[in-house]
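Q: Attaching a single structure in C-alpha cells format; questions to follow.
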Amino acid sequence: MRLITRLMLIAGCALLLNACSPQFDWREVRGNDVPFSILMPGKPASMSKPVVLAGLPLTMQMTAAEAGGISFAVGTLKLDDAGQAGKVSEAMKQGMLRNIQATTTTDNHIPGDVLQIHGRLGNGEPVLMAARFVIQGEHIYQIIALGPEKKLDQDLIDTFMRSFRPN
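What follows is the structure, given as C-alpha cells:
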C-alpha cells in the first residue's frame, strides 16, 4: 500500500512540474502599429521590412513566436488603396507557397478559411503550414503556423487561428 501511495505522489508531482513549464505558454498579443489581437505560444518578436507585392512597394509588419519547433506569425500590410487587397493577398499567398516549395494543388481547406499546405524547407525537411488570409478594409493579415508535419497538430492550429481578431 505504501508503494502505491508513493508512486501516486511521485506521478502527481511530475504532472505538476510539467504543468508549471508548458511548452506552449499561450498569451494574448496585440499588434504594435496594426490593429489585431491573437494568442501566441511565447513572447513574440516584431519587425518590419519592405516588400514588393503585386508590383506595389509596401512595408510588412511581422509579429512572430516560436515554441516546440513550430513558428507562429502574423504578417500585416496596410494599403493606400483597399481595392488592391485581393491582388496583394494573392501575391502574398504565392510567395508563401514558393517559400516552402509547395503548389496550390496541395492546399486543403479546413473550416474558417484556413489552408493546410504541405511543403519542404530549403534543407528538404517536410513541413506543414497552416495559413489564413484576412482582408479588413485597407489591412491584409497573413496568419501562419509552420513546423514539422508530426509536431503541428490540429489543436495547435485551431488555438492559434481561432484566436485572431482584427480590431
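Quick note on numbering: the sequence shown equals residues -19 to -1, 1 to 148 in mature numbering (1 follows the signal peptide of the UniProt record, and there is no 0).
The beta carbon of each residue, even a glycine, is placed where N, CA and C say it ideally should be.
1) Using a Cβ-Cβ cut-off of 7 Å (strictly less than) and excluding sequence neighbours within five positions of N148, which residues of its own chain qualify?
2) Taking the beta strand (DSSP E) that E9 belongs to, which residues open and close that run?
3) Compute the Euclidean distance between the alpha carbons of E47 and K59, then round it to the nearest angstrom.
4) Quick one: Cα of R11 to Cα of A54, how far?
5) Just checking my contact of S29 with M41 at CB under 8 Å: how many whole Å lie between their CB atoms?
6) Ends of the beta strand (DSSP E) at V69?
7) Would you say the region 103 to 123 touches the region 69 to 85, given that touching needs at least three Cβ pairs under 8 Å?
8) Return the chain-ordered ranges of every beta strand (DSSP E) run that is complete within the region 3 to 48 and spans a minimum of 3 residues.
9) Return the Cβ separation of F5 and G49 in integer angstroms, given the expectation that the two are a contact with Cβ distance under 8 Å.
10) Below 8 Å on the Cβ atoms is my guess for M73 versus Q123; work out the distance and round it to an integer in Å.
11) Could you give the first and the last residue of the continuous alpha helix (DSSP H) run that contains L96?
12) T57 bridges to which residues according to DSSP?
A: The short version:
1) Locating residue 148 in the sequence shown gives position 167, where the first residue counts as 1. Answer for N148: P16, F17 and S18, listed in chain order.
2) Counting from one through the sequence shown, the residue named residue 9 turns up at place 28. Segment R8 to R11, the beta strand (DSSP E) holding E9.
3) As a position in the sequence shown, residue 47 is number 66, starting the count at 1. As a position in the sequence shown, residue 59 is number 78, starting the count at 1. One Cα belongs to E47, the other to K59, and the distance between them is close to 25 Å.
4) One-based indexing of the sequence shown puts residue 11 at position 30. One-based indexing of the sequence shown puts residue 54 at position 73. Distance from the CA atom of R11 to the CA atom of A54, rounded to whole angstroms, is 12 Å.
5) Mapped onto the sequence shown, residue 29 falls at position 48. Mapped onto the sequence shown, residue 41 falls at position 60. Yes, S29 and M41 are in contact; Cβ-Cβ is about 7 Å, under 8 Å.
6) Here residue 69 corresponds to residue number 88 of the sequence shown, with the count starting at 1. Per DSSP, V69 belongs to no beta strand (DSSP E); it is in the alpha helix (DSSP H), A66 to N80.
7) Short answer: they touch.
8) For the region 3 to 48, whole beta strand (DSSP E) runs of length 3 or above, ordered along the chain, are 8 to 11, 17 to 21, 26 to 34 and 37 to 48.
9) Counting from 1 along the sequence shown, the entry for residue 5 is found at position 24. Counting from 1 along the sequence shown, the entry for residue 49 is found at position 68. Right, their Cβ atoms sit about 6 Å apart.
10) Numbered from its first residue, the sequence shown carries residue 73 at position 92. Numbered from its first residue, the sequence shown carries residue 123 at position 142. With 8 Å as the limit, M73 and Q123 qualify as a contact, their Cβ atoms being about 5 Å apart.
11) By 1-based counting over the sequence shown, the position of residue 96 is 115. Element bounds for L96: not the alpha helix (DSSP H) but the beta strand (DSSP E), V95 to R101.
12) The residue labelled residue 57 in the question sits at position 76 within the sequence shown. Checking the DSSP bridge columns, you'll see T57 partnered with Q42 and Y122.
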